[in-house]
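K.L.:
Residue 7 in the UniProt record's numbering sits at position 7 of the sequence shown, and the numbers go up by one each step.
For every residue, glycine included, the Cβ atom is placed at its ideal position computed from N, Cα and C.
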Amino acid sequence: GRAKLEMKYRDKSRARMNTYKTRIKGMEKKAEELSVLCGVDVLFSSFSPDLNTFHYWPRNPSEFHRIVDRYKSVSRNQRSVVPSQALNSAPQEELLDFNKKLEE
Numbered sequence: 001g002r003a004k005l006e007m008k009y010r011d012k013s014r015a016r017m018n019t020y021k022t023r024i025k026g027m028e029k030k031a032e033e034l035s036v037l038c039g040v041d042v043l044f045s046s047f048s049p050d051l052n053t054f055h056y057w058p059r060n061p062s063e064f065h066r067i068v069d070r071y072k073s074v075s076r077n078q079r080s081v082v083p084s085q086a087l088n089s090a091p092q093e094e095l096l097d098f099n100k101k102l103e104e
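Pasting the structure below:
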């Protein structure tokens, strides 16, 4: 297998840029996989180490802006929910909805 990179700042700009290019491709792949496999909106953006390039995913600008607008439409309180709390409450909400349907 490949040697694992030590997690430390790359002093040389060329090494830093090469690491960035490799890792950003991996991030895009993971974002797409998460989106497809789980049916969720995923968005990320990043400036390159030299600050000359802005990378974003999804690559389609209208899709990117659709997700940003969706995020902005959510209240600040909902945005600040700790992810584990949101995950724990989702099944509970689904269970309540299911019980209501059964009662109907």
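Nearest-angstrom Cα distance between E63 and R10?
P.N.:
To locate residue 63, count along the sequence shown from 1; it is residue 63. To locate residue 10, count along the sequence shown from 1; it is residue 10. About 33 Å.
K.L.:
Does M7 come within less than 8 Å of chain B when only Cβ atoms are used?
P.N.:
The structure shown contains no chain B; it is built from a single protein chain.
K.L.:
Just list the alpha helix (DSSP H) runs in the stretch 19 to 58, keeping only unbroken ones of 4 residues or longer that don't cross its boundaries, in chain order.
P.N.:
List check, alpha helix (DSSP H) in window: nothing returned.
K.L.:
Would you report the Cα separation of F54 and V68, rounded to the nearest angstrom?
P.N.:
Here residue 54 refers to the residue found at position 54 of the sequence shown. Here residue 68 refers to the residue found at position 68 of the sequence shown. F54 and V68: Cα-Cα distance of roughly 16 Å.
K.L.:
Check whether the stretch 12 to 20 touches the stretch 28 to 39, taking contact to mean three or more Cβ pairs, one atom from each stretch, closer than 8 Å.
P.N.:
Cβ pair count under 8 Å is below three, so no.
K.L.:
Skipping 5 residues on each side, what residues in its chain have a beta carbon closer than 8 Å to that of V74?
P.N.:
Reading the sequence shown from its first residue, position 74 is the one you call residue 74. None.
K.L.:
Going by other Cβ atoms of all chains shown within 10 Å of its Cβ, with 16 needed for buried, is P61 buried or exposed?
P.N.:
In the sequence shown, residue 61 corresponds to position 61, counting from 1. P61 should be labelled exposed.
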